[in-house]
Amino acid sequence: MGGKWFVVNLLYKSIKTGILNRAIEANKKDPMEAEVFEERHVLVRAESRGQAHRIGEQLGRKAEQQYQNPYGEQVRWTFVALLDSYEVMDDLEHGAEIYSRYIVSSKGTTTEEVKERYFPEE
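For the sequence shown, this note's numbering begins at -13 and goes up steadily by one.
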């Protein structure tokens, strides 16, 4: 297969339905309801950025899944957007850069503020 390597950045949303098992819910450490999204970076080979987008969208839809969680709810992960794509310029080998982005912030923004805003789970 010819073409160039691209990384496509896919966004998924978790949608929960069904009756929540309250006995299990009472034992959860953090019972707060939240919207959950997953950002996924996928490597694809394509002739152009447009083709990489089409392939990424197909892969995004194909990776949708549904299951029952331990709380008795049906969880469906739905592909909601292709956020970005990036042509891989390095050869694919150990240490190759496959995705990067610039984060532009107001002057005086601290590293901790950037981490809290863009990487809160760390």
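Using N, Cα and C, we set each Cβ at its ideal position, and we do this for glycine too.
None of these values were measured; they are calculated from a predicted model.
Q) Residues in its own chain within less than 6 Å of A49 by CB, not counting five upstream and five downstream? A) none
**Q.** Check whether F105 and L(-4) have beta carbons under 8 Å apart
**A.** no
**Q.** Where the beta strand (DSSP E) containing K48 begins and where it ends
**A.** First-last for K48: 35 to 48, but that is the alpha helix (DSSP H), not the beta strand (DSSP E).
(Q) In the DSSP assignment, the alpha helix (DSSP H) including V100 goes from what residue to what residue? (A) 97 to 104
Q) Looking at the unbroken beta strand (DSSP E) that takes in A32, where does it start and where does it end? A) 22 to 32
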